[in-house]
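S.K.: The structure follows.
Protein chains: 2
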Amino acid sequence: MRVLVVEDERRLAAGLKKGLVAEGFATDVALHGTDGLWMARENPYDAIVLDLMLPGINGYKICATLREEGVWTPILMLTAKDGEFDEAEALDTGADDYVTKPFSYIALVARLRALIRRGAGERPAVLDAGDLRFDPASRRTWRSETLVELTAREMALLEFLMRHPGEVMSKNEILEHVWDYDFEGDPNIVEVYIRHLRNKLDRPFERHAIETVRGVGYRLADDGG
Amino acid sequence: MRVLVVEDERRLAAGLKKGLVAEGFATDVALHGTDGLWMARENPYDAIVLDLMLPGINGYKICATLREEGVWTPILMLTAKDGEFDEAEALDTGADDYVTKPFSYIALVARLRALIRRGAGERPAVLDAGDLRFDPASRRTWRSETLVELTAREMALLEFLMRHPGEVMSKNEILEHVWDYDFEGDPNIVEVYIRHLRNKLDRPFERHAIETVRGVGYRLADDGG
DNA sequence: TCAGGCCCTGAACGCACCCTGAAGGCACCG
DNA sequence: CGGTGCCTTCAGGGTGCGTTCAGGGCCTGA
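Protein sequence lines, in the order shown, are assigned to chains A and B. Residue 225 is where the first sequence ends in our numbering, and the numbering goes up by one at each step. Residue 225 is where the second sequence ends in our numbering, and the numbering goes up by one at each step.
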């Protein structure tokens, strides 16, 4: 079992390597983001332990880049406990799991083992509905062959709708899934974001993928409109 | 896919259930630790979402007990961010993964899916009567192969009739189910809406799915007319 | 055959729902 | 520390849809 550790803090990196070797993993270490990215690309690791905060390229970016390039090695993200960290964002960029610092070796190794057991994640299916296409791994969206730039919220909303093609999703369901489950703000925000999506995905292409079902919710046409 | 949610905070439990159901999981909820333990023992769930802090028995204990008894259903632990929580302990007692509150649905569902490696979710059954078809999920209606546009009320009425094919439903029953049970308006509204349905579903197709049973109510022909 | 009741029909009203544009606030980046 | 982009809030306007209403037709029982 070969593992790559990408971690700039020398002490921690050395400790990790020592610990993992003791657990029976062949372990390589990269101290810089760019090195890590390169090594991950060039070698068939069974798993990658990836720090979030790195000089050069940060963990998110490395993760997203690898996935974009078709590298599906399981990734375990290391994150600082106090920092601003959105677990959803980590998972969305293609990480398979994460551990917050400070962590125990027991937890780390347990998770790493689980990750390896699960194997190299199958490439997450690209979602499509007609000529509308969304790739959850690389966080990119296309209308036919045209790449469309979406913000994080817009993507979350689109992804949610695309995971239920043809079904009507109520405003409440949308709020609970795309925003927090206890979101207490103005529900009108859903309408605003539906509009944003329409402006980017429908209007320029003279399509109407997103239908309003008055009094019920919104539906993404399963043929993309 | 059957999921058990053990969570004492009613709001969160309800939100979780609703969300998971929307994601295609058949979801049961237990509000007490003891109930949860019992349900987990007695039913073949595909996964269990387990809160750590519970009245009666806490999550650790439930987890450990189940494992001790040979129940190996995948367990996803819910933990408070600020609380005393040792991830190693959770994993040691037999949990397979954990999520810290507050969490986003995206993260939760991603982890749950990973946990049970699920396939495509089932959708609610499509109702049909002869060549009349109604899909509750997409809120769409067809007469043979033709899509028919209905408003919310029209659909509610049609759905009610289609759930009792061949039975005569009295105007009062209809009022209580399709409108509010304490609806105090003009009962003539039922007639108005029956007419709307006939105009959209029967007349253009020269059929008569909806029969008037004078003095009693209305009946949807089980062969669609 | 007549009276009464039940149902049908078309139109009109008003509100709730959704759309829309703009602006404030916050985080991130230079 | 200023600039930019994104998330969110807010208020105004349009209209689809639910509901009401009145008039007329048709069935039923005496």
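For every residue, glycine included, the Cβ atom is placed at its ideal position computed from N, Cα and C.
With a floor of 4 residues, list each alpha helix (DSSP H) that falls wholly inside the region 12-69 of chain A, ordered by position along the chain.
M.R.: Listed in chain order, the complete alpha helix (DSSP H) runs (minimum 4 residues) inside the region 12-69 of chain A are 33-42 and 59-68.
S.K.: Return helix, strand or coil for A129 (chain A), following the three-state DSSP convention.
M.R.: Here A129 (chain A) sits in strand by DSSP.
S.K.: Listing by chain order, which chain A residues have their CB less than 8 Å from the CB of S144 (chain B)?
M.R.: Going along chain A, no residue has its Cβ under 8 Å from S144 (chain B), so there is no contact; the nearest lies around 19 Å.
S.K.: Let me check one thing: in DSSP terms, what residues is I75 (chain A) bridge-paired to?
M.R.: Looking at the DSSP assignment, I75 (chain A) forms a beta bridge with A:I48.
S.K.: Output, in chain order, the set of chain B residues within a Cβ distance shorter than 7 Å of V216 (chain A).
M.R.: What V216 (chain A) touches in chain B: R139 and A152.
S.K.: For L150 (chain B), collect the residues of the same chain with a Cβ closer than 6 Å to its Cβ; drop the 5 residues on either side in sequence, then sort them by chain order.
M.R.: T141, listed in sequence order.
S.K.: Going along chain B, which residues have a C-beta under 7 Å from G166 (chain A)?
M.R.: Going along chain B in sequence order, the residues near G166 (chain A) (Cβ under 7 Å) are S138.
S.K.: Could you tell me the alpha carbon to alpha carbon distance between N58 (chain A) and R143 (chain B), rounded to whole angstroms?
M.R.: Using only the alpha carbons, I get a separation of about 56 Å.
S.K.: Check whether the Cβ atoms of Y5 (chain A) and A13 (chain A) sit closer than 8 Å, and answer yes or no.
M.R.: Just to set this straight, residue 5 (chain A) is Val in the shown sequence, not Tyr. In contact: V5 (chain A) and A13 (chain A) (Cβ atoms closer than 8 Å).
S.K.: Taking the straight line between their C-alpha atoms, what separation do you get for V21 (chain B) and I48 (chain B)?
M.R.: Each residue's alpha carbon lies about 14 Å from the other.
S.K.: Using the Cα positions of M53 (chain A) and L157 (chain A), report the straight-line distance between them to the nearest angstrom.
M.R.: Distance between the alpha carbons of M53 (chain A) and L157 (chain A): 28 Å.
S.K.: Between R207 (chain A) and chain B, is any beta-carbon pair separated by less than 8 Å?
M.R.: For R207 (chain A), the answer is no, since every Cβ of chain B falls outside 8 Å of its Cβ.
S.K.: So within the region 135-215 of chain A, which uninterrupted alpha helix (DSSP H) runs reach at least 4 residues, ignoring any that extend past its ends?
M.R.: Fully enclosed alpha helix (DSSP H) runs of 4 or longer: 152-162, 171-178 and 188-197.
S.K.: To the nearest angstrom, how far is the alpha carbon of V71 (chain B) from that of A137 (chain B)?
M.R.: Roughly 34 Å separates the two Cα atoms.
S.K.: By a C-beta neighbour count over all protein chains shown, 10 Å radius and 16 as the cutoff for buried, is V178 (chain A) buried or exposed?
M.R.: Buried, by the Cβ-count rule.
S.K.: Express the C-alpha separation of T79 (chain B) and R117 (chain B) in angstroms, rounding to a whole number.
M.R.: Legend: pLDDT at R117 (chain B) = 48, less than 50; position of this residue unreliable, no value from coordinates given.
S.K.: Using a Cβ cut-off of 7 Å, pull out every chain B residue sitting near V213 (chain A), in sequence order please.
M.R.: What V213 (chain A) touches in chain B: R139.
S.K.: Going along chain B, which residues have a C-beta under 9 Å from R113 (chain A)?
M.R.: The premise fails here: R113 (chain A) is roughly 10 Å from chain B at the closest Cβ pair, so nothing lies under 9 Å.
S.K.: In the DSSP assignment, find the unbroken beta strand (DSSP E) run with G217 (chain B) in it and report its ends.
M.R.: Its beta strand (DSSP E) spans residues G217 to L220.
S.K.: Suppose contacts are defined by Cβ-Cβ distances below 8 Å. Is V148 (chain A) in contact with D135 (chain A) by that definition?
M.R.: It is not a contact, given that the beta carbons lie outside the stated cut-off.
S.K.: Rank B:G215, B:N199 and B:V216 by C-alpha distance to the C-alpha of A209 (chain B) and give the top, closest one.
M.R.: Comparing Cα positions, the closest option is B:N199.
S.K.: Can you give the beta carbon distance from E154 (chain B) to L197 (chain B), rounded, assuming they're within the 8 Å contact cut?
M.R.: Going by Cβ atoms, the distance from E154 (chain B) to L197 (chain B) rounds to 6 Å, so yes, they are a contact pair.
S.K.: Between which residues of its own chain and E84 (chain A) is the CB-CB distance below 8 Å, once the five residues before and five after are set aside?
M.R.: Because E84 (chain A) sits at a pLDDT of 45, beneath the cut-off of 50, its placement in the model cannot be relied upon, and the following sentence gives the value as read from the coordinates. So no residue of the chain qualifies.
S.K.: Spatial neighbours of K61 (chain B) within its chain, please: CB distance less than 6 Å, with the 5 preceding and 5 following residues excluded, ordered by chain position.
M.R.: Nothing listed; no residue qualifies.
S.K.: For V99 (chain B), which residues in the same chain have their Cβ closer than 8 Å to its Cβ, ignoring the five residues on either side in sequence?
M.R.: Once the five neighbours on either side are set aside, the close Cβ partners of V99 (chain B) are L76, M77, L78, T79, A107, L108 and R111.
S.K.: What residues of chain B sit near R219 (chain A), judged by a beta carbon separation below 9 Å?
M.R.: Ordered by position in chain B, the residues that pass the 9 Å Cβ test against R219 (chain A) are S138, R139 and R140.
S.K.: Less than 8 Å between the beta carbons of T73 (chain A) and Y45 (chain A), yes or no?
M.R.: Against a cut-off of 8 Å, the Cβ pair of Y45 (chain A) and T73 (chain A) comes out as a contact.
S.K.: Among all the DSSP beta bridges, which residues are the ones paired with V5 (chain A)?
M.R.: Answer is A:V29 and A:V49, bridged to V5 (chain A).
S.K.: I think R11 (chain A) touches L31 (chain A), with their Cβ atoms under 8 Å apart; what is that distance to the nearest whole Å?
M.R.: The Cβ separation is near 11 Å, so there is no contact.
S.K.: Is it right to say R214 (chain A) is buried, meaning 16 or more other beta carbons lie within 10 angstroms of its own, or is it exposed?
M.R.: Flag for R214 (chain A) reads exposed.
S.K.: Flag this pair as yes or no: are the beta carbons of L115 (chain A) and G224 (chain A) separated by less than 8 Å?
M.R.: Taking 8 Å as the Cβ cut-off, L115 (chain A) and G224 (chain A) do not qualify as a contacting pair.
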